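Novice:
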Amino acid sequence: MADRKSILLRLDPAVHDALAKWAADEMRSTNAQIEFLLRRALGEASRMPGHARQMRRPGRPAAEQTDQADQADQAEQADQAEQTDEADRPDEADEADD
């Protein structure tokens, strides 16, 4: 996942509880709910940066999205293994000298 900024946020406990309940109702984490609300406010104020990424939909990712991510990870690992194997092999010129 891309880099994300971390911030410390102090909230009134009653506000936090209401926000957490709202987030649970919409199947989001409290953190995702805060980001959702901030994005909505930025959009309404015409201040949303054009290069901001889309938020992931609430709930668990679809199985096919998870499978695609797993396949991409496996392909990347295979590429890295190939590069390591190639780096460990002696050059053909070195073999001819022997």
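Sequential numbering of the sequence shown, starting at 25, is according to this note's numbering. Backbone N, C-alpha and C fix where the C-beta goes; we use that ideal spot for every residue, glycine too. These numbers come from a predicted model, not from an experiment.
Please state whether the Cβ-Cβ distance between A47 and Q57 is less than 8 Å.
Specialist: Going by C-beta atoms, A47 is nearer than 8 Å to Q57.
Novice: With distances taken between CB atoms, is the gap from M72 to R63 smaller than 8 Å?
Specialist: Closer than 8 Å, so yes.
Novice: Note down the Cα distance separating T54 from A76, rounded to an integer number of angstroms.
Specialist: In a straight line, the C-alpha of T54 is about 20 Å away from that of A76.
Novice: Using beta-carbon positions only, say whether E59 and M79 come within less than 8 Å of one another.
Specialist: Going by C-beta atoms, E59 is nearer than 8 Å to M79.
Novice: Have a look at Q98 and Q104 and give me their C-alpha separation to the nearest angstrom.
Specialist: When rounded, the distance between both Cα atoms is 10 Å.
Novice: Give me the Cα-Cα distance between A38 and A44, rounded to the nearest whole angstrom.
Specialist: Their Cα atoms are separated by approximately 10 Å.
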